[in-house]
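Here's the structure, in structure tokens; my notes come after.
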Amino acid sequence: MQAGHFAGPRSQASIFQGNVLFDQFRATVGKLQEAIGQDLEGYQNQVDTINLSLVIGAIVLFLAANAGLLWILRNFTGTLQGQFVRLTQTTQRLGQGERSARVEPLTFSDLDQVGQSINSMADAIQRHEHAAEESMRTLEQQYALVERAQSESRAIFDASSEAFLFISAGGQVHALNRPFREFFALTGEEV
17 MQAGHFAGPR SQASIFQGNV LFDQFRATVG KLQEAIGQDL EGYQNQVDTI NLSLVIGAIV
77 LFLAANAGLL WILRNFTGTL QGQFVRLTQT TQRLGQGERS ARVEPLTFSD LDQVGQSINS
137 MADAIQRHEH AAEESMRTLE QQYALVERAQ SESRAIFDAS SEAFLFISAG GQVHALNRPF
197 REFFALTGEE V
């Protein structure tokens, strides 16, 4: 057309050839679109596979983390419960009279402080009991000495030939001897 040949481009053969070329172009575009669609479908399948793998991996990781956390929590609570049981068993033994019971050192520092406080308290109670027992033995010995001295003084008091009457400042009769009772002819009920 640029060379001035206007009849050639309008001929049937050139129109037919143009139609054939245009049909080939359309067919090629269709095949290209089909190939692009197949490629996109392949890429989409790959993306879907990757996304599914990521979701499954995240779920597995989440479940593993939860299982690990649950195991750690159960281990921690089991250890803590075991130490509470040891602590309460020792206090029960102390309460039942087993004075030699002591709390063994515990892993958790707060519970260990409680256990050591219980041990200190048990030691103080044991020292107090020993001191009380020693005081009781001393009192028993002194009581025996006082009773013996009292019976000896009573024997001397009753063996005296003089009549004695002991009266408190409040006017109560504390003691009178046998010669006093005989002198005033008093019986045991009257005294």
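Basically my numbering = 1-based index in the sequence shown + 16. Ideal Cβ placement from N, Cα and C applies to all residues, glycine included.
- The alpha-carbon separation between ARG118 and LEU68 amounts to approximately 59 angstroms.
- Burial check for ASN91: the Cβ neighbour count within 10 Å stays below 16, so the residue is exposed.
- In the DSSP assignment, the residues bridged to VAL189 are ILE183.
- Under a 10 Å Cβ-count criterion, GLY98 is classified as exposed, with fewer than 16 other Cβ atoms of the shown protein chains found around its own Cβ.
- Between the C-alpha atoms of GLN28 and VAL36 there is a straight-line separation of about 12 angstroms.
- Assignment of ARG109 by DSSP, reduced to helix, strand and coil, places it in the helix class.
- Judged by DSSP secondary structure, VAL162 falls within the alpha helix (DSSP H) whose first and last residues are 125-175.
- Pairing LEU48 with GLU57, the inter-Cα distance amounts to about 14 angstroms.
- Around the beta carbon of THR123, fewer than 16 other beta carbons lie within 10 angstroms, which makes this residue exposed.
- Residue range 194-200 is occupied by the alpha helix (DSSP H) that includes PRO195.
- Counting C-beta pairs with one atom in each stretch, the region 102-109 and the region 73-80 have fewer than three that are closer than 8 angstroms, which means they do not touch.
- Comparing alpha carbon positions, the residue from ASN135, GLU150, SER177, ALA185 closest to PHE199 is SER177.
- If you draw a straight line from the Cα of VAL45 to the Cα of SER30, it is about 22 angstroms long.
- Sixteen is the threshold: since fewer than 16 other Cβ atoms of the shown chains lie within 10 Å of the Cβ of THR203, the residue is exposed.
- Only residues of its own chain outside the window of five on either side were considered, and among them none has a CB closer than 8 angstroms to the CB of GLN188.
- Within the same chain, and ignoring the five residues on either side of HIS190 in sequence, the residues whose Cβ sits closer than 8 angstroms to its Cβ are PHE182, ILE183, SER184.
- In this structure, the beta-carbon distance from ARG115 to GLU145 falls below 9 angstroms.
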